[in-house]
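Read the structure below first, then the notes.
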Amino acid sequence: MFELMKLPFKDNALAPVVSAETIGFHYAKHHQAYVDKVNELIAGTEFQDMSLEEIIERTYDKPEYQVLYNNAGQVFNHNFYWNSIGFGERIDADLDAKIKEHFETREALRQKIIDEAVKLFGSGWVWLVEGVGGKLSVLATRNGDTPLVLGFKPLLNVDVWEHAYYLDYQNRRKDYVEAFVTQLLKI
Ligand code: MN
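In structure tokens form, the structure reads like this:
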């Protein structure tokens, strides 16, 4: 059984970029609901003692497990989202060199993330991932999909479901993403 992760900051720590009110819904209601649904679906099944990553890999592209796949993916993605805060402050020399190799500058990486988030139609996520041979790329996934099943190691993500920003930004997704990437991810 899974528990809702503890946030690594106070619920007002991200304001005004992400308000305490948004955290109250996004974390305490939406994220909690995904955890609860996964627990309900795995109870008494072959999945009940597996890690989240294992559940995601075993249910991927299997129509009979789609509800579990979607909800497990969303738990993983939201855990990753809250832990992505402050990403830029944790970039070490090795990663900084890789970013410059693949994007030339941090500003270019930041802009690529913003562009992909604005461009994504509907609900989903934008990620910085590391692929085979350490190749970095920015990609978008739809709904509850994660890059894990595509063979990538995720480094950070941005939630671009409307529930992530609607209370604070209404339809202004670009304003949310720009503020989130610049002021909270600190790229
Ligand atoms: Mn979300």
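If you're matching positions, the sequence shown starts at 27 in my numbering and goes up one per residue. Using N, Cα and C, we set each Cβ at its ideal position, and we do this for glycine too.
| Query | Result |
| --- | --- |
| If you reduce the DSSP assignment to three classes, tell me which class W187 lands in. | coil |
| Evaluate G170 with the Cβ neighbour count: other Cβ atoms within 10 Å of its Cβ, from every protein chain shown; 16 or more gives buried, anything less gives exposed. | buried |
| In whole angstroms, what is the alpha-carbon distance linking F73 and W187? | 27 Å |
| Checking 7 Å against the spacing of the C-beta atoms, do A59 and I82 come in under that value? | no |
| Run through DSSP, which three-state label would S163 get? | strand |
| Just jot down, in chain order, the residues whose CB lies closer than 6 Å to any heavy atom of the ligand MN. | H52, H56, H104, D185, W187, H189, A190 |
| Output needed for G101: all residues of its chain with C-beta closer than 8 Å, excluding positions within five of it in sequence on either side, in chain order. | Note that residue 101 corresponds to Val in the displayed sequence, not to Gly. So the qualifying residues of the chain are F28, H57, Y60, V61, V64, L78. |
| Measuring straight from C-alpha to C-alpha, what distance separates I213 and L181? | 12 Å |
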